[in-house]
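Engineer: Here it is: the structure, laid out below.
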Amino acid sequence: MAALPRDPRADRYPMPTVPYGWYAVLRSRELRPGKVVSLHYFGRALIAFRGADGRAAVRDAHCPHYGAHLGAGGKVVDGTVECPFHGWRFGADGRCVEAPFAVHTPKVSLGGFPVREHSGLVLVYVGPGEPSWEVPEIPETGAKEFAAPVDDTCRARVHIQEMRENIVDESHFHFIHGQSQPPVQEWRADGPFAEARGRISRRVLGRDIDNTFDAFMYGPGVMVVRTHGPVLSVTAVALSTPVDDRTSELRMLYYIRKPARLPFLTPLAKLVFRMEALGEVREEVGIWDHKVHQPRPVLLPHEKGIKALRRWYAQFYPAE
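Here the working numbering is used: position 2 in the sequence shown is 2, and no number is missing along the way.
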């Protein structure tokens with residue numbers, strides 16, 4: 001499908017590219033002390049590093065002095081990031097703390113974001129002012145009952161709202177995920193949080209498996225889907241993040257519950273999961289890459305989830 005001519009309408013959306021909310025920009029393990037990590041999200045070049053107290057900071061990447069990219073040769077010195085071009089240093093709060101040869105330290109700062117770090121994730125808040133709500137901790141990320149996650153990242157030329165609509169698109173569960181009938185879902189919304197519950201039946205290695213799933217949504221960027229079944233229980237942490245005005249990233253962290261009586265079978269369980277699930281995600285990405293946004297989709301009577309999610313999601317855009 002990548003070779004298909006791209007309709008220019010596929011890059012047009014009536015809503016802003018970046019909804020307000022919390023987004024995971026990297027895993028904690030990827031931000032080692034003393035290192036500068038280059039990132040690019042929200043149409044901005046960014047850097048991440050740990051300050052003197054070990055806390056994560058995510059700031060704009062370009063030095064206000066002369067425009068050098070602090071992630072291209074910059075280094076962490078005493079909890080500050082040092083520009084590779086002229087040695088200016090910036091603290092975790094973005095403020096310039098040292099400028100060689102200057103009589104007075106310039107009163108300039110690197111832009112950045114409020115940061116929270118928990119559940120093995122570095123989260124940033126995008127929006128006006130300080131955040132009024134938080135993403136709760138995800139207990140499975142530190143529980144011994146769950147294996148280290150299967151980590152899968154992909155990018156698509158689609159708005160992140162469309163990525164989230166996928167979980168409430170009842171009919172696609174038949175054609176992409178092998179369910180015999182569209183699932184009946186229960187939808188609840190509470191401010192920036194929402195929840196979709198349902199059941200999904202599918203064939204795995206020739207067997208019909210009946211699972212329940214609970215999708216907990218924390219704003220536009222973080223969703224936790226807990227699937228429970230007789231063979232496998234999985235907690236999927238779905239992280240959808242805008243890259244630029246055309247591209248979005250979907251990072252999936254799948255935490256598989258270790259078989260209680262046969263923990264040595266965990267690698268096999270992860271292998272089976274990779275074989276069954278990851279290909280379906282790639283199939284969806286290929287479709288997203290070429291679909292256009294339908295502001296008024298022609299929905300069937302049972303397809304209620306997309307409208308409900310869109311009403312809830314609208315709160316994350318600036319008021320007109």
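We put the beta carbon where it would ideally sit given N, CA and C, even for glycine. Every value quoted in this text rests on a predicted model; they were computed, and no experiment measured them.
So Ser233 packs on Thr241, CB below 8 Å; how close in whole Å?
Structural biologist: Contact flag wrong, Cβ pair sits at about 26 Å.
Engineer: Compute the Euclidean distance between the alpha carbons of Leu121 and Gly111, then round it to the nearest angstrom.
Structural biologist: Cα-Cα distance, rounded: 21 Å.
Engineer: Under a Cβ-count criterion, where at least 16 other Cβ atoms within 10 Å of its own Cβ denotes burial, should Arg199 be classed as buried or exposed?
Structural biologist: Flag for Arg199 reads exposed.
Engineer: If contact is defined by three or more beta carbon pairs under 8 Å, each pair taking one atom from either stretch, is the region 248-262 in contact with the region 122-131?
Structural biologist: The region 122-131 vs the region 248-262: no contact.
Engineer: Please report the distance separating the alpha-carbon of Val76 from that of Pro100.
Structural biologist: Roughly 16 Å between the two C-alpha positions.
Engineer: Quick one, are the C-beta atoms of Pro220 and Gly43 less than 8 Å apart?
Structural biologist: No, these two residues do not count as a Cβ contact at 8 Å.
Engineer: Measuring straight from C-alpha to C-alpha, what distance separates Arg95 and Ala61?
Structural biologist: Using only the alpha carbons, I get a separation of about 13 Å.
Engineer: How close, in whole Å, do the beta carbons of Pro19 and Phe316 come, if the pair is a contact with beta carbons under 8 Å?
Structural biologist: Indeed, because the Cβ distance is near 4 Å, the residues count as touching under 8 Å.
Engineer: Can you tell me whether His172 is helix, strand or coil according to DSSP?
Structural biologist: Helix.
Engineer: Any idea if Trp133 is buried or exposed, counting beta-carbon neighbours within 10 angstroms, 16 or more meaning buried?
Structural biologist: Flag for Trp133 reads exposed.
Engineer: Using 8 Å as the Cβ pair cut-off and three pairs as the minimum, do the region 156-176 and the region 282-298 touch?
Structural biologist: Verdict: yes, contact present.
Engineer: If you draw a straight line from the C-alpha of Gly127 to the C-alpha of Leu268, how long is it?
Structural biologist: One C-alpha to the other measures close to 42 Å.
Engineer: Note down the Cα distance separating Glu3 from Glu283, rounded to an integer number of angstroms.
Structural biologist: Checking the sequence, you will find Ala at residue 3 rather than Glu. For Ala3 and Glu283, the distance between alpha carbons rounds to 15 Å.
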